[in-house]
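Below is one structure; the comments refer to it alone.
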Amino acid sequence: MATEELVRMAIEAMKYAYTPYSGFRVGAALLAADGKVYQGCNIENAAYTPTNCAERTAFFKAVSEGQREFSAICIVGGKDGVLEGYTAPCGVCRQVMMEFCDPETFRVILAKGEKHWQEYRLKELLPMGFGPDNLKKQSRRIE
Ligand code: THU
193 MATEELVRMA IEAMKYAYTP YSGFRVGAAL LAADGKVYQG CNIENAAYTP
243 TNCAERTAFF KAVSEGQREF SAICIVGGKD GVLEGYTAPC GVCRQVMMEF
293 CDPETFRVIL AKGEKHWQEY RLKELLPMGF GPDNLKKQSR RIE
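Be aware that the sequence shown starts at 193, since it is given in the numbering used here, and climbs by one per residue.
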């Protein structure tokens with residue numbers, strides 16, 4: 193799938209953001225290995241802590257439908273939905289990505305418009321990340 197189409201789907205997902213407290217609207221479009229795309233928005237809560245980021249909404253939708261392999265995620269966000277700059281994933285969302293994605297190859301695309309984006313690998317955003325491999329018997333250790 194073309195990056196531009198994934199960006200378009202992230203922008204589309206932002207329209208459902210539920211943000212009565214921060215007004216900061218985020219949309220995500222998660223591309224699975226089989227080509228399917230899962231959209232997510234942030235969902236806030238009066239108790240604040242249960243707030244779910246757009247990225248995790250997309251991941252949890254996908255995993256709950258049987259997807260476990262992903263190639264990319266596009267994220268857009270801005271105050272009142274105005275895309276003025278790039279919105280990078282929070283630390284919790286990076287850790288959720290680490291659970292299901294190969295940090296060497298998984299692409300994180302930050303967009304601020306249909307034709308403006310930056311692309312990173314997960315390992316750049318979460319160096320020395322802790323993931324499922326660390327819990328395997330013969331886990332590779334950092335020397
Ligand atoms: N938010 C996301 O949805 N994704 C991010 O990566 C950063 C933060 C949301 C959570 C909250 O609803 C609002 O943005 C302000 O933090």
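Backbone N, C-alpha and C fix where the C-beta goes; we use that ideal spot for every residue, glycine too.
- With 16 or more other CB atoms across the displayed protein chains lying within 10 angstroms of its CB, N234 is buried.
- Per the DSSP secondary-structure output, I235 pairs in a beta bridge with Y210 and N244.
- Burial state of V284 is exposed, judged by a 10 Å Cβ sphere holding fewer than 16 other Cβ atoms.
- Counting only unbroken stretches of 3 or more residues, the beta strand (DSSP E) elements lying wholly within the stretch 294-326 are 299-305 and 308-313, in sequence order.
- A Cβ closer than 7 Å to some heavy atom of the ligand THU marks a residue here, and those residues are T211, S214, F216, V218, N234, E236, T243, C245, A246, E247, I267, G269, T279, A280, P281, C282 and C285.
- When secondary structure is reduced to three states using DSSP, V229 falls in the strand class.
- Taking C-beta atoms as the reference points, A254 and A224 count as a pair closer than 9 Å.
- Exposed is the label assigned to M320, since fewer than 16 other Cβ atoms lie within 10 Å of its Cβ.
- Between the alpha carbons of C245 and K307 lies a gap of roughly 24 Å.
- Of L327, A194 and M290, the smallest CA-CA separation from F262 is found for M290.
- In this structure, the alpha-carbon of Q259 lies about 30 Å from that of A239.
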